[in-house]
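Just below is one structure, and these are the notes that go with it.
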Amino acid sequence: MCGIVGYIGPKNAATVILNGLRRLEYRGYDSAGIAVIHQNGGIDIRRAVGKLHNLEERLRQEPLLGNIGMGHTRWATHGGVTEYNAHPHRGMQSRVAVVHNGIIENFSQLRTEMEAEGIVFTSETDTEVVAHLVEGYMAQGENLLTAVRQSLPCLQGASAFVFLSADDPGCLVTARLGNAGGIVIGQGNGETFIASDIPAILEYTRDVCFMDHGQIARITQEHVEVFDLEERVVIPKLFAIPWDPVGAEKGPFRHFMQKEITEQPRAITDTIRGRADFHLGKVRIDTLPLSVEQAQRLEKIIIVACGTSYHSGLVGKFIFENLAKIPVEVDYASEFRYRNPLIGPNTVVLALTQSGETVDTLAAMEQGRALGATLWSIVNVFGSQAQRTADGYIMMQTGPEIGVASSKALTASIVDQYLLALMLGELRGTLGGAALRDAVNALARLPDLVGRVAEETDQYAALAEVFHRREHFLYLGRGINYPIALEGALKLKEISYIHAEGYPAGEMKHGPIALIDEMMPVVTIATQDHVYDKMLSQIEQVKSRGGTVIGLVQTGDTVARSKADYVLEVPVAPTPFLAPVLNVIPLQWLAYALAVRRGADVDQPRNLAKSVTVE
């Protein structure tokens with residue numbers, strides 16, 4: 126959940142690190158700090174509680190001068206939100222400093238042992254024990270790399286670290302244990318970078334490698350050496366990141382979320398490009414090779430995901446079961462890990478994850494592999510753990526998604542599942558001929574239709590003016606649009622801090638109807654599908670109890686429009702299986718407008734992180 130940036134090179138390290146930390150603000154944090162090895166050979170640290178501008182002001186008053194350093198943005202896990210608990214942390218002799226993502230599970234035991242030996246702690250964090258541990262080994266004459274290697278077996282839990290030392294000043298050392306967020310190493314011209322996510326270093330380099338579990342790296346200006354825990358040399362695989370650095374900038378937009386909602390036509394076009402052959406009426410996914418025999422042997426797909434990706438998976442269940450005729454289960458990754466799922470050799474575990482580093486999703490993938498499943502992933506971050514460990518993968522092709530509340534990654538992942546279902550349907554013989562061509566050609570019309578709803582209009586601000594003081598919303602949908610009701614409610618909760626619930630419309634009488642009154646706005650997804658008449662009936666029931674209806678209706682539908690108090694319009698989808706892509710976008714705009722009107726921090730909602738890398 127935290128952000129890490131390290132730098133070694135000719136530039137002022139603090140300037141580069143602060144710039145990188147700004148690009149990681151979307152991950153969420155409550156404090157921040159930077160450490161450098163200054164020119165007289167000691168370690169200098171500046172820390173501040175709150176937003177990065179507080180740290181920036183501290184640096185303006187007390188500059189950090191040096192060419193080797195590291196920085197960190199922290200979400201509190203051990204200890205309160207104080208300057209003393211902010212990272213980086215250093216050893217008692219101030220010869221070693223560390224930044225850390227993850228949790229040291231045995232830190233209480235280690236701290237007790239260290240205090241008995243006379244070590245004095247200055248924070249409440251678990252991270253500080255690591256600084257003391259490494260400093261102790263260096264006091265015995267070890268260099269930084271060896272001291273870190275000797276310290277790691279003492280630590281329990283998943284963690285990612287970066288270390289520097291005044292006694293070994295020509296390098297940084299980084300290490301990764303388990304799934305506590307990624308570590309990416311980038312190489313430039315006479316300079317090297319470390320970060321917990323690609324956008325932090327994208328301005329400087331696109332040539333990167335990724336750390337895997339159980340690896341340690343020593344970084345200098347010119348070289349990167351990677352080892353495993355047994356001291357064997359690892360040759361890292363180099364990647365050229367295809368993202369445009371401008372994609373990680375806000376540009377003329379007020380918020381990243383605003384920018385990313387409007388980018389959905391382009392993101393979906395890029396997701397389709399090179400995969401859908403409109404001339405032949407077929408789908409090909411080169412990164413997920415599959416034979417006819419393999420496809421026909423498939424017995425079940427289990428989708429594992431968290432948050433918005435879980436809602437995408439619920440949509441995917443409808444798509445796969447209808448087009449490819451494969452039974453699908455959808456699990457929260459955090460629950461899948463503990464339920465002893467029934468998995469056979471012909472089961473696929475499909476992970477949906479924007480970041481590719483979500484701790485629960487990675488753990489679910491590991492469990493699936495241990496039980497003999499094939500692993501597939503749909504992921505947005507190139508080189509992420511979920512991409513690298515899967516047997517086959519599909520990249521979302523959205524470019525960087527910076528806003529904490531996901532928008533374009535959701536719609537792209539739905540399209541990716543649709544593409545995969547078409548490919549599976551053809552290979553399994555459940556979809557072919559004119560039906561397959563029509564299903565493929567439906568994708569050709571989608572970007573234009575998305576463009577019609579991805580444009581922000583004044584109607585959303587007008588609705589926000591009416592409803593910004595309401596504290597409860599209800600979202601209703603049926604069938605493939607029920608997950609979109611869940612997603613609309615989640616978006617509202619995430620960024621505007623309004624309590625909202627998403628429900629299957631048919632379940633309204635089994636509880637939610639008791640809450641409906643004139644103060645409870647009800648958002649109904651009433652597009653003209655096979656359950657349209659039932660949705661009209663639900664609208665009538667809401668109205669009869671004094672509820673206010675915000676109706677999501679198709680263009681030209683005068684019946685549903687006449688029943689709703691307020692209307693959001695969407696064009697007719699080219700196929701019912703792509704309707705959720707269109708229907709969710711007005712709900713994204715509604716949540717955004719309400720958050721702006723209520724003065725909330727849209728891109729960095731309180732207590733939330735873009736990538737949850739700590740349990």
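Residues are numbered in this note's numbering as their position in the sequence shown, beginning at 1, plus a constant of 125. No residue lacks a Cβ here, since even glycine has one placed at the ideal position from N, Cα and C. For clarity, every value in this text was computed on a predicted model and none was experimentally measured.
Best match in the options for proximity to residue i [C-alpha to C-alpha]
i    : options                : result
Q729 : T486, I527, A560, A589 : I527
G399 : L733, I519, E665       : I519
A296 : I193, V130, S248       : Strictly speaking, residue 296 in this sequence is Cys, with Ala absent from that position. The candidate whose alpha carbon is nearest that of C296 is I193.
G204 : E182, V161, E187, S156 : S156
L615 : I426, V709, Q679, L556 : V709
E424 : E446, G576, G438, T412 : E446
R152 : Q312, P188, Q234, N226 : N226
V667 : A689, V540, P390       : A689
Y628 : L640, E619, V678, L611 : L611
I162 : L177, I341, G191       : G191
P332 : G339, V359, L363, A201 : Correcting the residue type first, residue 332 is Asp in the shown sequence and not Pro. Ranking G339, V359, L363, A201 by Cα distance to D332 puts L363 first.
H197 : A488, R215, G158, F318 : G158
A589 : D353, R722, T140, A222 : R722
P278 : N268, F288, V259       : V259
E551 : V455, I386, L448       : L448
P525 : C431, P367, T514, M644 : P367
Y463 : E491, E240, S437       : E491
A222 : L269, C431, R236, E240 : L269
A430 : T478, P699, T396, L280 : T478
Distance between beta carbons of residue j and residue i, contact taken as under 8 Å
i    : j    : result
T345 : I503 : At roughly 37 Å, the Cβ-Cβ gap does not stay under 8 Å, so T345 and I503 are not in contact.
A716 : S621 : 6 Å
L693 : I675 : 7 Å
I638 : P705 : Rounded, the Cβ-Cβ distance is 25 Å, inconsistent with contact.
P572 : I428 : The pair is not a contact, with the Cβ atoms about 25 Å apart (cut-off 8 Å).
A511 : A476 : 5 Å
A651 : L661 : 7 Å
G131 : M217 : At roughly 23 Å, the Cβ-Cβ gap does not stay under 8 Å, so G131 and M217 are not in contact.
Rounded straight-line distance, which links the Cα of residue j to that of residue i
i    : j    : result
I142 : E150 : 12 Å
D293 : A272 : 11 Å
G166 : A291 : 6 Å
L601 : E230 : 42 Å
A283 : S669 : 54 Å
D402 : L556 : 15 Å
S459 : V298 : 31 Å
N144 : A325 : 8 Å
A264 : Q419 : 57 Å
F443 : L500 : 20 Å
F232 : E238 : 10 Å
F378 : A720 : 15 Å
A320 : V224 : 11 Å
E388 : N210 : 39 Å
L703 : A718 : 25 Å
V121 : Q713 : In the structure as shown, the chain starts at 126 and stops at 740, and residue 121 therefore has no counterpart that could be examined.
D541 : S248 : 46 Å
G307 : D485 : 14 Å
I341 : I129 : 16 Å
Residue i at chain D interface by Cβ criterion, 8 Å
i    : result
E612 : The displayed structure is made up of one protein chain only, and chain D is not part of it.
Buried versus exposed, by CB contacts within 10 Å (16 or more), residue i
i    : result
Q164 : exposed
L467 : exposed
H380 : buried
V245 : exposed
T582 : exposed
N732 : exposed
L405 : exposed
E187 : exposed
M548 : buried
A160 : buried
R185 : exposed
G469 : exposed
V473 : buried
L684 : As written in the sequence, residue 684 is Val, which differs from the Leu given in the question. V684 is exposed by the Cβ-count criterion.
M633 : buried
P414 : exposed
S538 : buried
N314 : exposed
T317 : buried
G266 : exposed
Item to check | alpha helix (DSSP H) runs wholly inside the region 574-644, at least 4 long, in chain order | outcome: For the alpha helix (DSSP H) assignment, the uninterrupted runs of no fewer than 4 residues enclosed by the region 574-644 are, from N- to C-terminal side, 583-592, 607-621.
Next on the checklist: For a minimum of 4 consecutive residues, which ranges assigned as the alpha helix (DSSP H) are wholly contained in the region 168-228?
Outcome noted: 177-186
Checklist entry - Curious, which full-length beta strand (DSSP E) runs of at least 3 residues does the region 637-689 contain? => result 646-650, 673-679
Item to check | alpha helix (DSSP H) runs contained entirely in the region 486-573, provided each spans 4 or more residues | outcome: If we require 4 residues or more, the alpha helix (DSSP H) runs fully inside the region 486-573 come out as 510-514, 533-553.
Checklist entry - Where in the region 326-388 do unbroken runs of the alpha helix (DSSP H), each at least 4 residues long, occur, reported from the N-terminal end onward? => result 381-387
Checklist entry - Hey, which unbroken runs of the alpha helix (DSSP H) at 4 residues or more fall wholly within the region 254-319? => result 269-276
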